[in-house]
Structure formats: C-alpha cells, structure tokens
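Undergrad: Have a look at the structure that comes next, please.
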Amino acid sequence: MFAPTKPWRRWHGRVNINQRRYALASAIAASGIPALVMSKGHVIDQVPELSLVVSGKVQELTKAKQAVAFLRRIKAWADIQKVYKSQRIRGGKGKMRNRRRIQHRGPLIVYHKDSGLRRAFRNIPGIDLLSVEKLNLLKFAPGGHVVRFFIRTDSAFQRMDKFFGSWKTPSTEKKGYTLPQPKMANTDLSRLLKSDQKDQKSHTSSTEEGCAS
65 MFAPTKPWRR WHGRVNINQR RYALASAIAA SGIPALVMSK GHVIDQVPEL SLVVSGKVQE
125 LTKAKQAVAF LRRIKAWADI QKVYKSQRIR GGKGKMRNRR RIQHRGPLIV YHKDSGLRRA
185 FRNIPGIDLL SVEKLNLLKF APGGHVVRFF IRTDSAFQRM DKFFGSWKTP STEKKGYTLP
245 QPKMANTDLS RLLKSDQKDQ KSHTSSTEEG CAS
C-alpha cells in the first residue's frame, strides 16, 4: 500500500491562546459589517441592524412554529429560504461516505441560557446554536473564512462584553487580556494619501528644509 496512514502523524497544531482570542474577536467584529456579511451570501436586505441583538425571551421558545414566527418577525427568514433552495446532492464520492446532502449556512444564534431554545430551532435547516459560555471559532468562521450572520440575545451580548472587555478596560473573565488596539484609526489609505492635509504638511516640510539649507 502506498503512503499508509501512520499513527504518529501530527493531527493537530498548537495555536497560542492570544491568537485564538484575537481570531474569535476578529470574526465577531467582522460579522457586524453588512457588506461583508452579504458578500458571504447571507440574505439580510430587510434585517434592521447588524449585529442583531434580540430579547432574552427568545431563549424560552419551545416550538418550531414559534421559532419560525420569530425569524419572520426579525426579517431573517429570507436567509433560511436561501438555505432551502441550496439543498442538493453532493458531487463526487462523498455521496458514498455519509456526506450525501449539502446546503448553505444560515444564521448563527448565540444564547446565554437554554430554556427550550435548542428544541425550537433544531429542525430549521442552516441554523446553528451556540452557548456564549462555549464560543467556537469554526461556528463564527465556517471553513476558516470570517464573517457570518449571527443573532445574539441581550444577556449573551452582556456576557461577551465581560469576556473580551474593550480597548480601555481589560476583560473581567480572562486574566490580563485586553482587546488589541488597531494601528490605524482610519484604514482608508488611498484617501489619506490624497488628502489636502497631507499635501499641505509635506509642502510645509519641504519649504522648511529649503530655507534651512
């Protein structure tokens, strides 16, 4: 047999904890930018805002029809319809390996306390459910690609604030962790290079150098 699988293969690679936290924070932050979310194929034209924070009463839903009514109310049902339309048979030999059907991803719902929520949403295709106590990077960035349309309850939102803190206040849950500060306040580099203030400053500097010489 050519190239047999070996038990000493390195199946997992260690990643520094700071890098993992940075990746998770980046994935969550990117999911608040509508243009990026739409570029991933999510249908959010009618969604009132991103990132979407809803009442904690959603955690008490127990029936699928209640979950569907909730998704229609927040204008997220169009994204579920996209998932229904995307369901198809996989091409290739994966059909023989228990990976027969494939579909697009739908919304991710992040909750704090499950009072029936998982039972209500479990049969709606495309939806993933995630506890705020066990945040998973691969749910926020499927396939390693950041950005996903996600909905969180208000209690989960407050809990995330304690997890990550802010640029000024450190996290109260993770010892000694503060969100990394961006190097640039304005990332529109082309606009900065063409700005009048930059031209004026460079002209002043060159004039001063000429006078000094």
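Residue numbers are given in the numbering used here: position 162 of the sequence shown equals residue 226, and the series is strictly consecutive. Virtual Cβ for every residue (Gly too), placed ideally from N, Cα, C. Bear in mind the structure is a predicted one, so any value in this text is a computation, not a measurement.
1) Which of the three DSSP states is assigned to S115 in this structure?
2) By a C-beta neighbour count over all protein chains shown, 10 Å radius and 16 as the cutoff for buried, is S95 buried or exposed?
3) By Cβ distance below 7 angstroms, which residues in the same chain neighbour L116 in space, the five residues on each side in sequence not counted?
4) Reducing DSSP to helix, strand and coil, say where R154 ends up.
5) Which residue marks the beginning of the beta strand (DSSP E) containing S195, and which one marks its end?
6) Taking the alpha-carbon positions, what's the R186 to A140 distance?
7) Whose C-alpha, out of Y175, K238, G155, E237, is nearest the C-alpha of I166?
8) At 3 residues or longer, what runs of the beta strand (DSSP E) sit wholly inside the stretch 176 to 237?
9) By alpha-carbon positions, which one of E237, I97, F213 ends up nearest to Q222?
10) How long is the line joining the alpha carbons of G120 and V174, rounded to whole angstroms?
11) Return the CA-CA distance between Y148 and K157, expressed in angstroms with no decimal places.
12) For R165, list the residues DSSP reports as bridge partners.
13) From L199 to R74, what does the alpha carbon distance come to, in whole angstroms?
14) Exposed or buried, T217, counting other C-beta atoms within 10 Å across all chains shown (16 or more means buried)?
15) For P171 versus I191, is the C-beta spacing smaller than 8 angstroms?
16) When DSSP labels each residue in this structure, what does I173 get in the three-state scheme?
17) Quick one: what's got a C-beta closer than 6 angstroms to A142's C-beta in the same chain, skipping five residues either side?
18) Who are the Cβ neighbours of K203 in its own chain at under 7 angstroms, not counting the five residues just before and after it?
19) Out of W72, Q264, V210, which one is the CA nearest neighbour of A99?
20) Determine, for W141, whether the minimum Cβ-Cβ distance to residues of chain B falls below 8 angstroms.
TA: In brief:
1) Within the sequence shown, the letter at position 51 stands for residue 115. S115 sits in coil when the DSSP states are folded into three classes, being neither helix nor strand.
2) The count along the sequence shown starts at 1 and reaches residue 95 at position 31. By the neighbour-count rule (16 or more Cβ atoms within 10 Å), S95 is buried.
3) Sequence index remark: in the sequence shown, residue 116 carries index 52 (1-based). Closer than 7 angstroms at Cβ, skipping near neighbours: I138, I215.
4) Against the sequence shown, residue 154 aligns to sequence position 90. Note: R154 maps to coil in three-state DSSP.
5) Sequence index remark: in the sequence shown, residue 195 carries index 131 (1-based). Unbroken beta strand (DSSP E) run through S195: 192 to 195.
6) Position 122 of the sequence shown holds residue 186. Position 76 of the sequence shown holds residue 140. Approximately 16 angstroms between the Cα atoms of the pair.
7) Numbered from 1 along the sequence shown, position 102 holds the residue referred to as residue 166. Of the listed residues, the one whose Cα sits closest to I166 is G155.
8) 192 to 195, 214 to 217
9) For this step, residue 222 is matched to residue 158 along the sequence shown. If we check each option's Cα against that of Q222, E237 comes out closest.
10) Start at 1 with the first residue of the sequence shown, and residue 120 comes out as number 56. Start at 1 with the first residue of the sequence shown, and residue 174 comes out as number 110. About 11 angstroms.
11) In the sequence shown, counting from the first residue as 1, residue 148 sits at position 84. In the sequence shown, counting from the first residue as 1, residue 157 sits at position 93. Rounded to the nearest angstrom, the two C-alpha atoms are 23 angstroms apart.
12) The sequence position of residue 165 within the sequence shown is 101, counting from 1. Answer is I153, bridged to R165.
13) The residue you call residue 199 lines up with position 135 of the sequence shown. The residue you call residue 74 lines up with position 10 of the sequence shown. Each residue's Cα considered, the two are about 25 angstroms apart.
14) As a first step, residue 217 must be located in the sequence shown, where it is residue number 153. T217 is buried by the Cβ-count criterion.
15) Translated into positions along the sequence shown, residue 171 becomes position 107. Translated into positions along the sequence shown, residue 191 becomes position 127. Going by C-beta atoms, P171 is nearer than 8 angstroms to I191.
16) By one-based count along the sequence shown, residue 173 stands at place 109. DSSP places I173 in strand when its eight states are reduced to three.
17) Taking the first residue of the sequence shown as position 1, residue 142 is located at position 78. Taken in chain order, the residues that qualify are V107.
18) Counted from its first residue, the sequence shown places residue 203 at position 139. Once the five neighbours on either side are set aside, the close Cβ partners of K203 are L172, D192, L194.
19) By 1-based counting over the sequence shown, the position of residue 99 is 35. Closest by C-alpha distance to A99, out of W72, Q264, V210, is V210.
20) Among the chains in the structure shown there is no chain B, since it carries only a single protein chain.
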